[in-house]
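Using this note's numbering, read the sequence shown as starting at 13 and increasing by one per residue.
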Amino acid sequence: MSGPLAAPSPGPSVVVGTAGHIDHGKTALLRALTGIDADRLPEERRRGITIDVGYAHLALADGSVMDFVDVPGHDRLVGNMLVGAGEIDAAMVIIAADDGPNAQTFEHLELLDALGIRDGLAVVTKADLAPDPDRRTRLVTAVHDLLAQTTLAGAPVLVASAVSGEGVEAVREALGALGARVAPALPSDGGPRLAIDRVFAVRGRGTVVTGSLRGGRVVAGMPMRLLPEDLDVRVREVQVRGAPVEAAHGGRTALLLGGVEASALRRGQVLTTDPAVSATSRVLVAVRAPATLDPSRPASAAPSDRERLRLHLGTAQAGALVVRGPREAIELADGAAVALLRLDGAVAAAPGDRFALRRPSPGSTAGGGVILDPVPPRGVSRRRLTPERAAALVAARLPAAALGPAAALGPAAALGPAAALGPAAAQGGSAAARLDLHGATRRADGWALATDVEAALLGRARELVAAHHAADPSSPGLPAPVLRGDLALVARRLVTLGRSGADEVARAVLDAAVARGTLARDGDRVRDAGRAPGLPPETLAAMDRLERALDVAAPPALADAARAAGCPPDGVRALEAAGRIVRLEDDLAWAATAYRDLVRRALALAAVDPLSPAALRDATGTSRRYVLVILEDLDRRGLLRRTDAGHVLGPRTLARMRERAQAAAATEAPG
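Here you go:
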């Protein structure tokens, strides 16, 4: 990868994959169309067959460029064929005129159907070997009928010869029309994504990967994620079709990478910046039964529960266990079905990704479909998978008509607005459908809750506050920590959350309830918004009675005084918080006025002579129990200091006396 930079690559190019039986002329037709030999391996050229995926490109009349992925046609190389077909936008099916549809013609069409490839064309090649017009007509009709059983129904069928050149220009024109149909629908704003299909080293430069780029542009210096390993890499250089470019926007692309060893790279990995792409070994899918085109084989059955298959996704493949238990056994309106696939290794996947399933022995197509959720719910949230939510998820996840006619899917489930507990309130249909399935989703800016989950938690919060008011009318409200703790438990019973996540959700629900005026909060207390703030009048009157009862030098026990005054614990705490009483022990408190008077007496006595407990007892008319508590408090606060002779003025008292003397002297000093 070197040389001067070319102009920036134009917009996304259409990637067309070839398909067809071995020796039907796929590579030869591409060579006639593009002038490029897609067989790049020496063994391929020596044997005259395609072994691995090859590449070519064609400049079209409108100035755009179309990329081709040439796949092997041998029955033992279906895995390599799916590497190429997994990242294509359209297909070009090749059938030799002298042979007609054959085993891999049927199998490749079944796999294209499984992948949901909905546009393309078919070419009857080697026309020079079948000059009979009637045979050509019959073959074209047979191919039309074959395509009609797949997602390529209605695709044009042309006749050409790579040897004589017959029909080659017509194929070019048909490809131009195909590109004009497909290009506008290609994604270009979700973040770039490249599924790696080749890895090789360039001496003195580094490691290069190639693949079909989609979803957005890649520029040199861009950081990307390598999935499923979740490694950070940096793009050092970009090439499109062999030429260095400032930026690649789509189609066949090569990237020179930094920050990663070549040994860490392999076919099947994905380079991306798209947050929708996840590393996963467990995917929720909508799967269709396979089309059976080979008349010599019985119809294939749809994947069944606990069946072990091979998943082909992008350029990756993995063993897959099909799970269609009681929760997943949901049939969709067009004959597709919901299933959970448990994989034997991690892959990179995103909602809407197309895939194919194969039975390993005997090798046959088992179906295909799209990823509904690459990270499906676990635990209690699995109970939320219902037919209605599955239908909404399918409608939100599917590319246009990916599983069949859109009308056949039925209407999406009626979803209320998602309850976003943070700035992430604006959500598209896809995010809302996934949120409704999971019940709660974590975002960078906070938690979002499904409508029913939020309603249940808000309802529980109101119930708890109302019950608290009913049980203790004198209380200013339910302590917020108690309310949050209960809401966290309820949240974990409704959806799958860890402890910290449940605590965050509980806090967010309480904040939302206060923000919406459903509940009100005073400090750490939560009350009904319709209830006046603060303590009720009865409690305020009881607080006054308790304060008067404690306004003596030798007060009664606090619990007894509170009971006699009818003052509830909230009233006692309110008196203490307001500074109206001074509580030195759990059951000993003075009214603030009484305690200040006791302190003044103690300080006045200590200023004359060291103060003993007996002297303070006699001066206040109390008992030793009270004066010991008072003296201990004054020592602790630095107002007094204990000595062998008795308690003397402490450092804080002496400092205050000096400050007053200095202030008085300053006031009396002449101007």
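All residues carry an ideal CB built from backbone N, CA and C; glycine is no exception.
Using a 10 Å radius around the Cβ and a threshold of 16 neighbouring Cβ atoms, would you call residue i buried or exposed?
i: aspartate 448; result: buried
i: glutamate 99; result: buried
i: arginine 150; result: exposed
i: leucine 684; result: Not covered by the structure: residue 684. The range shown for the chain is 13 to 683.
i: glutamate 340; result: buried
i: leucine 652; result: buried
i: threonine 117; result: buried
i: glutamine 281; result: buried
i: glycine 29; result: buried
i: glutamine 329; result: buried
i: methionine 555; result: buried
i: glutamine 251; result: buried
i: alanine 492; result: buried
i: proline 567; result: buried
i: alanine 313; result: exposed
i: threonine 153; result: exposed
i: serine 373; result: exposed
i: proline 389; result: buried
i: alanine 351; result: buried
Provide the residue span of the alpha helix (DSSP H) that contains residue i, from first to last.
i: glycine 364; result: Looking at the DSSP string, glycine 364 is not in any alpha helix (DSSP H), and its letter there is neither H nor E.
i: threonine 39; result: 38-46
i: glycine 671; result: In the sequence as displayed, the identity of residue 671 is glutamate instead of glycine. Where glutamate 671 is concerned, the enclosing alpha helix (DSSP H) stretches over 663-680.
i: threonine 153; result: 145-159
i: alanine 213; result: Element bounds for alanine 213: not the alpha helix (DSSP H) but the beta strand (DSSP E), 205-214.
i: alanine 586; result: 581-589
i: leucine 623; result: Note, leucine 623: premise wrong, no alpha helix (DSSP H); not H, not E.
i: arginine 693; result: What the structure shows of the chain is the stretch from 13 to 683, and residue 693 is not part of that stretch, so it cannot be assessed.
Which of the three DSSP states is assigned to residue i in this structure?
i: glutamine 116; result: helix
i: isoleucine 642; result: helix
i: threonine 634; result: coil
i: valine 289; result: coil
i: valine 507; result: coil
i: valine 359; result: strand
i: proline 310; result: coil
i: arginine 130; result: coil
i: arginine 537; result: strand
i: glutamine 329; result: strand
i: aspartate 647; result: helix
i: alanine 527; result: helix
i: aspartate 74; result: coil
i: glutamate 343; result: strand
i: proline 256; result: strand
i: alanine 274; result: helix
i: leucine 10; result: Summary: the structure shown does not reach residue 10, with the chain confined to residues 13 through 683, and so no result is reported for it.
i: leucine 547; result: coil
i: alanine 351; result: strand
i: valine 295; result: strand
i: glutamate 516; result: helix
i: valine 406; result: helix
Could you pull the start and end residues of the beta strand (DSSP E) that residue i belongs to?
i: methionine 234; result: Premise fails: methionine 234 is in no beta strand (DSSP E) and is neither H nor E.
i: serine 376; result: 376-385
i: threonine 605; result: Looking at the DSSP string, threonine 605 is not in any beta strand (DSSP E); the run it does join, the alpha helix (DSSP H), is 604-620.
i: glycine 188; result: Where glycine 188 is concerned, there is no enclosing beta strand (DSSP E), although the alpha helix (DSSP H) it sits in stretches over 180-194.
i: leucine 269; result: 263-270
i: valine 594; result: 593-597
i: valine 220; result: 218-226
i: glycine 29; result: 27-31
How about residue i and residue j: are their beta carbons less than 8 Å apart?
i: leucine 238; j: alanine 260; result: no
i: isoleucine 383; j: glycine 357; result: no
i: arginine 248; j: glycine 270; result: yes
i: leucine 243; j: alanine 276; result: yes
i: proline 548; j: serine 486; result: yes
i: arginine 366; j: threonine 377; result: no
i: glycine 380; j: glycine 128; result: yes
i: histidine 69; j: aspartate 82; result: no
i: leucine 158; j: leucine 305; result: yes
i: threonine 39; j: glycine 75; result: no
i: alanine 348; j: arginine 300; result: yes
i: arginine 354; j: alanine 368; result: no
i: alanine 631; j: arginine 649; result: no
i: glutamine 161; j: alanine 303; result: yes
i: alanine 601; j: leucine 640; result: no
Just checking: is the beta-carbon of residue i within a distance shorter than 8 Å of some beta-carbon in chain C?
i: leucine 615; result: Protein chains in the displayed structure number just one, and chain C is not present.
Which runs of the beta strand (DSSP E) fall wholly inside the segment 426-502 and span at least 3 residues, in chain order? 431-433, 452-455, 458-461
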